[in-house]
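Single-structure report; data block below.
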Amino acid sequence: MTHNKHVNAYRVEIRGAAKHYGTLKALNNFDLTIEPGTFTVLLGPSGSGKSTLIRSIAGIERLDSGSIRFGDREVANNGFHMAPEKRDLAMVFQDYALWPHMTAFENVEYAIKRRNLDSIEATRRVNEALERVGLSAKGPNYPFQLSGGEQQRVALARAIVGRPSFLLFDEPLSNLDADLRERLRVEIATLTREIGATACYITHDQSEAFALADQIGVLRAGELQQIASPEEIYRHPANRFVAAFTGISGSFLGTVTEANGKKVEVAIGKRRIECRTSADLKVGDSVEVLIRPSATSLSDHRSNSLPAIVLDVAYRGRGYEHVVECEFGVISSVFATESTSRGSKVDIYIDPHNCLAFPSEKRVALEAAIAEFAPSTN
Amino acid sequence: MALDGGLLVRHRVPFSNEDSRFKRGFNRIRITPMAVFWTLITFILVIPILLFLSVAFSPRLMSQGHQWFTLASFKPVFSGAYGIALLHSLIIGVIAAVGAMIIALSMAWLVLRTNSPARILWNTTIFALFLAPSYLIALGWQRLFEQRGVLEIMGLHVEPIRNLLYGPVGITMVLMVKGIPFAYLVIANAMRGLGEEFEQAVRVHGGNRLAAFKVMASLLMPSLFSAMAIVFAEAISDFGVASTLSSVGHFSVATYQLYQGINSIPVNFPVSAATSITLLSLVIMAILAQNRALRGRSFRTLSGRTRPVTITKLSFLGKFSTSTYIVVLLMITLGIPVFGAISASMLDGLGSLLSHYTINFSNYSRVLHSRFLRNPLIYSTEMSLITATLAVGLAAIASKVLTSARNTRSKKFVDFFLLAAVALPGIVFAIGYIFTYNLRFINDLGLHIYGTSFLLALAYTANALPSTSRSLVGNMGQIQESMMDAARVHGSGAARAWIDVTMPLIARPLLIAWLLTFSGTLLELPVSELLYPPGSPPVAVGIELSLAGFDYGGGTAIEVLSILWALVVVGIAFFLFNRFAPPGWKRLGNQR
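Each protein sequence line maps, in turn, to chains A and B.
Under the working numbering, the first residue of the first sequence is numbered 1, with each subsequent residue one higher.
Under the working numbering, the first residue of the second sequence is numbered 1001, with each subsequent residue one higher.
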C-alpha cells in the first residue's frame, strides 16, 4: 500500500490556553504553534499538563480561556468549544480505548463512517489500514484476542484510516514492553509522515521524544519551558529543568571562577571543570553543573577530569556502563568498551561541550524574590 | 452535550473569525437529554419527597395547619399506637438483620468455600427470593397455616404454629427470609475477593485455625455491617408483611400504622410526614452506624495479586449435615411459601365454608376467564413495561452522572437524592405522591394527574429508580472514559457514541436491570395499594381484593400466574438477547 501525502495538513495554533482543576493550574497561559505536516512531541513529567493540553486540542476537555485554531478554523475560543467529533482529527489513546464489543475490523471501520464512503471503498480502506499495521489477518478478532502490541496497532489503524489532517498521540507506547515500544515507535513515525498529517504526540519518555520529533516542547507545571528541534533542546537547553529532564548522568554544585561568554570555568571543591552555559554568569556565581551522559568517559586525561571509584558496572551489549562516585557525588552511565571492576580507582573525563552550567536553584529563587519586591522603576 | 448541564443548555455553533463577535450573540437554546432527565428527576423524586417531608416541620407551608414551624407533629410518633409500632419495627428490624446476616454468612461460606453437594441449589433460590415480594412469601405461609387453611384441610393441627406465625416471630422470620438474598450478595461478593493469602499468612506465622478465622472475620467486617444495615433498612420499611401477617395478627409495625393513618379521615399529613422522617432517620442511622463502626480502618483486600481460594473438602458427615442445613433453609425460605401458594391455588373453594374441597385447576380457569381476575395482570404488565423502560433509561443516565470522574454538583445532587430515596420506604413514597399531587397549587398548574395511570407509572418509576441506578453504577463505573472519548474524537456525537459504545458494553446489565424492575413492578404492593386508579387495580391489589373477598383460591391463582408470567418474560427476554444481540454484546461479561 502506498500512502501519498494526500491530506491537507494545517497549522495548529494555541494561544493563552488556561485550564484549572480547582486550585490546580493544569495549563497556564500556554502558547504553542505546530507547523503543517510536522511531528511535534510534548515532553514533560506527570502533572506537567501535557494530557490536559492534548485532550483540550481533541475537544475532550474544555479550556477555561485561550484559543485553539486549526488552520483557518477556530475550534476553541473563550467560551466557544467545538465538539470533538466536528474537529476532524484522530487520536491514539494511552490505554488503546478499543471497543471490546467490536472486532478489530469494526473498530477501524468505525472511524471511517464519518467519511460517508460507499461500503466497498470503506472495506477496502479498512483492510488497507489493517494491512499497513501488519494485522490483515486479525480483522475478525476481538480486542481480547489480541496482544497489547496488536491492540495498539489496531488503535493506530483506526487513527489513520480516515486520513485525518491532524493526528494526536496520548502516550501510546507507555503500556508496552521495550522491544515492542521501539518497533511501534518506528511504525508511528513512518505512517504519520507517509500520510503527511500534522502530528502532536505527548510522552514523558525523552528517548521516545528525541527519536520521533521534528520539534520538542518541554512542559513543566502547565507552562512551556522550551520548544525547539531535538538537537537544539539537547545542546542548548533553555534552563536547568529542560536539561535535567532531557537526560543527565550527574550534577555538582560549584562556583564560577572564569567567565568567557558561553564558556565558563567552575570550581567544584578543589577541582576546576570547563563547561558551557546559556546564562549570563559572572565570576563568583553559584552554579549547578549538569553532565550529559555523552559527556563522560573513563580516561587518563588529566584536564577536565575527576578522580572517582567505580560503584557498579552493567553490560550493555556494545560496551559497559559504569556508575562512579567522586568526592562531589555520583555519576552514572559512564560508558567504556572495556569493563572496569567495582572498587577500582578511575579518572572521569568530562567533555566541556556536553557539560552545562546553570545558576543554582537557590540563586534563581533569590533573584526571583528580589525582582518581586524591588521598587518599580516606572 | 454537556452532562453537567442545567435544564436548558446554551448551544454555541461554530463561527468564522470575521464575524465571530457578532455571531456569538446568537446562541440557540435547545432541550438536551440531560434537561429531560433533570426535569423528570425534579418532578418524580425531588418535589414529592421534599414537599411531603417538609409538612412535618411546617404544616402551614402546604395549608395543613397554622404553624410555620413546629415539632408538634413528632409528639404522636413517639407515643401511643405510633410509638408502639415504631418500637416493634425497630426490634424486629434488628433481629431480622442479625439473623439474615448469620444465615447469609454461613451460606456464603458453604457455597464459595466448600464442596457441599446441595450448594448448587442456592443461586437459583437467591434469584427467586429476590423476585418474590415479602407479601407473597407471607401469603404462602398464611394459606398453609390459617384457620381452614391447606394444612387444616389435610387434617393437621397447626394452631400453635399459627399463633407464632401471626405475631412477632412470624413477621421477623419472613423479614429475615426476605433479607437473606441482600445479605448474601453483599457477603458473598466480599468473600470472593478475600484470597487465601490472608489465612495462609496467619498460619505460617504460628496462628491456628481459630486465629485464621478471626482474621478472616475481621476482613469481612465491612460486608457484615453492610449486610445488616441493608436488611435492617429493608425490614423496617417493608409493607408487604405489614399488610399481611401484621394486620391479621394485630401486631402493629410502623409502615402499617402509616397506611392506617393515610386511610383515616381526615388524613393527618403532618403526623404521617413526621413518622416517615423518623423511619427514614432510623435507616440513615443504620447506615451511619455502619460507617462509624468501620471508620479509620482499611479493608481493601482485592488486588491483582489476590490468590484463588482452595475449596474445603468436606467429609461424608460434613456433606450430609451441610446439605441438610441447605435443604431445610430452602424449604423454609421458598419451599413452604411456594407449596402454600400452589396448593391453595389448586384447592377449589378455599376460604369458603364448604366441608369438601377438590383439587383441580378451576381457580386458574376462573382467573383466565374472569375479567376481574385477569385484568389486573394485564394492567400490571402494561405498567411494568412502561416503568421498566423509563426507569432503566433514567437509571442509565443517573449512573453515568454518578460514575463521572469529575465531582460535580450534579453528581453530588443525584447521589444524595438517590441515596435518600433508597432509604425511603415505598409506602412513604406513595403517601408523598398522594400529598403532592393533591395540593391545590399543583392542580392550579393544570396537573390533574392524581388517580391516573400516568401518576402511578411516575410513582413506580421513582420508586424503582434508586435501586435500578445503584445496580447499574458498578457496571457503568467499569467503562473507561477513553472509549467514549475515542468515539467522539473519531466522529460520533455524544448520543451516537452512547448508543454505539456504552450501550453495548452494558447491554447485559441493562437487560437484567430492566427485568428486575419489570418483575418488581409487576408484583409491587405499597405504591399500587395507595395510588392505583379507580377501577384499574394492579396485580398486588387484585390479589388483596380477592383475598379480602375470601376468594383464597382465586387470589393465590393470580399470585402463581403472576410469578409464572414474570418468569416467562425473563425467559423470553434472555432468549431474544441470546438469539438476536450482536456477538460482541453477548461476549462481554462471559469467560474468556
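Where is the CB? At the ideal position from N, CA and C, for every residue including glycine.
So for residue i, helix, strand or coil by DSSP?
i	result
A:G250	strand
B:K1023	Bear in mind that the predicted position of B:K1023 carries a pLDDT of just 45, short of 50, making it unreliable; the figure below should be weighed with that in mind. It is helical.
A:A18	strand
B:M1176	helix
A:V12	strand
B:M1216	helix
B:K1313	coil
A:E274	strand
B:D1415	helix
B:E1544	helix
B:S1384	helix
B:T1452	coil
B:V1253	coil
A:H81	strand
B:G1304	At B:G1304 the pLDDT is 43, less than 50, meaning the model places this residue with poor confidence; the figure from the coordinates comes in the next sentence. In the structure shown, B:G1304 sits in coil (DSSP, three-state: anything other than H, G, I, E or B).
B:L1086	helix
B:L1008	Confidence is the limiting factor: at B:L1008 the pLDDT is only 33, short of 50, which leaves the residue's position unreliable, though a coordinate-based value still follows. Correct three-state label for B:L1008: coil.
B:A1132	coil
B:F1299	Low local confidence applies: a pLDDT of 49 at B:F1299 is under 50, so the model's placement there is unreliable, and no value is given.
B:F1372	helix
A:E265	strand
B:Y1437	coil
A:I112	coil
On a Cα-Cα basis, can you pick out the residue from the options that is closest to residue i?
i	options	result
B:L1219	B:V1204, B:A1233, B:A1190	B:A1190
B:M1221	B:T1255, B:I1102, B:A1138	B:I1102
A:V310	A:R73, A:R316, A:Y320	A:Y320
A:S341	A:G329, A:S303, A:V323, A:F358	A:V323
B:V1600	B:I1326, B:G1432, B:W1141	Because chain B is modelled from 1001 through 1592, residue 1600 of chain B falls outside the range shown and cannot be assessed.
B:T1255	B:Y1532, B:K1411, B:E1234, B:A1540	B:E1234
B:A1495	A:R316, A:E85, A:E265, A:I120	A:E85
B:Y1184	B:S1399, B:W1141, B:A1097	B:A1097
B:A999	A:G49, A:G329, A:N107, A:K270	An answer regarding residue 999 of chain B cannot be provided, because it is not within the stretch 1001 to 1592 covered by chain B.
B:Y1357	B:G1149, B:I1137, B:S1492	B:G1149
B:T1070	B:T1521, B:I1236, B:I1230, B:A1274	B:A1274
A:I57	A:Y142, A:V12, A:H20, A:A26	A:V12
Residues of chain A with CB closer than 8 Å to the CB of residue i, please, in chain order.
i	result
B:L1505	W99, P100, H101
Can you tell me where the alpha helix (DSSP H) with residue i in it begins and where it stops?
i	result
B:L1121	Note, B:L1121: premise wrong, no alpha helix (DSSP H); not H, not E.
A:E128	119-132
A:E321	Counting along the chain, A:E321 falls outside any alpha helix (DSSP H), though it belongs to the beta strand (DSSP E) covering 320-326.
B:P1509	1507-1522
A:D179	178-195
A:A357	Run containing A:A357: none in the alpha helix (DSSP H); it sits in the beta strand (DSSP E), 355-359.
B:G1340	1336-1345
A:G148	148-161
Give the residues of chain B in contact with residue i, contact being defined as C-beta atoms less than 7 Å apart.
i	result
A:E95	What sits at residue 95 of chain A in the sequence shown is Asp, not Glu. Result: Q1480, S1482.
A:A90	V1489, H1490
A:R15	Per Cβ cutoff of 7 Å: no residues; A:R15 is ~13 Å from chain B at best.
A:R318	Ordered by position in chain B, no residue passes the 7 Å Cβ test against A:R318, which lies about 36 Å from the chain.
Residues of chain B with a CB under 8 Å from the CB of residue i: which are they?
i	result
A:F10	Per the sequence presented here, residue 10 of chain A reads as Tyr, with Phe not at that position. The premise fails here: A:Y10 is roughly 14 Å from chain B at the closest Cβ pair, so nothing lies under 8 Å.
A:E265	Correct list: empty, because the minimum Cβ distance to chain B is about 52 Å.
A:I60	D1485, R1488, V1489
A:A83	R1488, G1493, A1494
I'd like the span of the beta strand (DSSP E) that includes residue i, first residue to last.
i	result
A:Q225	223-228
A:Q94	From DSSP, A:Q94 is part of no beta strand (DSSP E); its letter is neither H nor E.
A:L42	39-43
Below 9 Å on C-beta distance, what does residue i contact in chain B?
i	result
A:R158	A1486, H1490
A:K113	H1490, G1491, S1492
What does residue i touch in chain A if you count any residue whose Cβ is under 9 Å from its own?
i	result
B:G1477	Correct list: empty, because the minimum Cβ distance to chain A is about 16 Å.
B:G1584	W99, P100, H101, M102, T103, E106, Y142
B:V1541	Residues of chain A passing the Cβ test: none, with the nearest at roughly 42 Å.
Measure the beta-carbon distance from residue i to residue j and round it to whole angstroms, keeping in mind my assumption that it falls under 8 Å.
i	j	result
B:H1490	A:A76	Rounded, the Cβ-Cβ distance is 19 Å, inconsistent with contact.
A:V289	A:I268	7 Å
B:S1252	B:A1085	4 Å
A:V287	A:V266	6 Å
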